[in-house]
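Reading through the structure tokens given below for one structure.
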Amino acid sequence: MSRRNIRLPAEVSRILYVRNLPYKITADELYDIFGKYGTVRQIRKGNSEGTRGTSFVVYDDIYDAKNALDHLSGFNVAGRYLVILYYDPVKPNKHNQ
Numbered sequence: 111m112s113r114r115n116i117r118l119p120a121e122v123s124r125i126l127y128v129r130n131l132p133y134k135i136t137a138d139e140l141y142d143i144f145g146k147y148g149t150v151r152q153i154r155k156g157n158s159e160g161t162r163g164t165s166f167v168v169y170d171d172i173y174d175a176k177n178a179l180d181h182l183s184g185f186n187v188a189g190r191y192l193v194i195l196y197y198d199p200v201k202p203n204k205h206n207q
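Residue numbers (this note's numbering): 111 to 207.
Set out below in structure tokens:
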């Protein structure tokens, strides 16, 4: 059975929201970690006080994003365990509440 025939849950997205990153991690290091699971289109690192330690990782393929989330949630990077969620554009930003 082709993976294209597998139904994915509604919350699955090509965009992953990554939290609990080491502040000094580089974009190249993020590409090395997340690129093992598929073609990464873009990585956006948080640089401001409220977004440091976070990143958005955009994959070309939704199945690659799911695979990365399945394998990297809880992954230890420099003594920090990654928290990875699917990006949800509908979910309100906690800073706007």
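Every residue, glycine too, gets a C-beta built ideally from N, C-alpha and C.
All figures in this text were calculated on a predicted structure; none of them were measured in a lab.
Measuring only the C-alpha atoms, how far is residue i from residue j?
i: K146; j: L182; result: 10 Å
i: D170; j: D180; result: 17 Å
i: V128; j: I194; result: 5 Å
i: N186; j: L192; result: 6 Å
i: I125; j: E159; result: 22 Å
i: Y141; j: V150; result: 7 Å
Tell me which same chain residues have a C-beta within less than 7 Å of the C-beta of residue i, skipping the five on either side of it?
i: A137; result: I153 and K155
i: M111; result: Only weak support exists for where M111 lies, its pLDDT of 45 falling under 50; the value from the coordinates is given anyway. There are no such residues.
Taking the continuous alpha helix (DSSP H) assigned at residue i, which residues delimit it?
i: I172; result: I172 to L182
i: F144; result: A137 to F144
So residue i is in the beta strand (DSSP E); what residue range does that whole segment cover?
i: T122; result: The sequence given here has Val at residue 122, not Thr. Neither: V122 is in no beta strand (DSSP E) and is coded neither H nor E.
i: R151; result: V150 to K155
i: I116; result: Per DSSP, I116 belongs to no beta strand (DSSP E) and is neither H nor E.
i: V193; result: V193 to Y196
From the options, pick the residue whose C-alpha is nearest to that of residue i; which is it?
i: Y133; options: S165, V122 and F144; result: S165
i: R121; options: G184, A175 and A188; result: Reading off the sequence, residue 121 comes out as Glu, not Arg. Residue A175 is the option with its Cα nearest to E121.
i: T161; options: Y197, L118 and L131; result: L131
i: G189; options: N177, V150, I135 and I172; result: I135
What residues match up with residue i in a beta bridge as DSSP calls it?
i: F166; result: Y127 and R154
i: V200; result: V200 is not bridged to any residue.
Using C-beta distances below 8 Å, list every residue in its chain close to residue i, excluding the 5 sequence neighbours before and after it, in chain order.
i: I143; result: L182, F185 and V187
i: Y196; result: E121, V122, S123, I125, L126, Y127, A175 and L179
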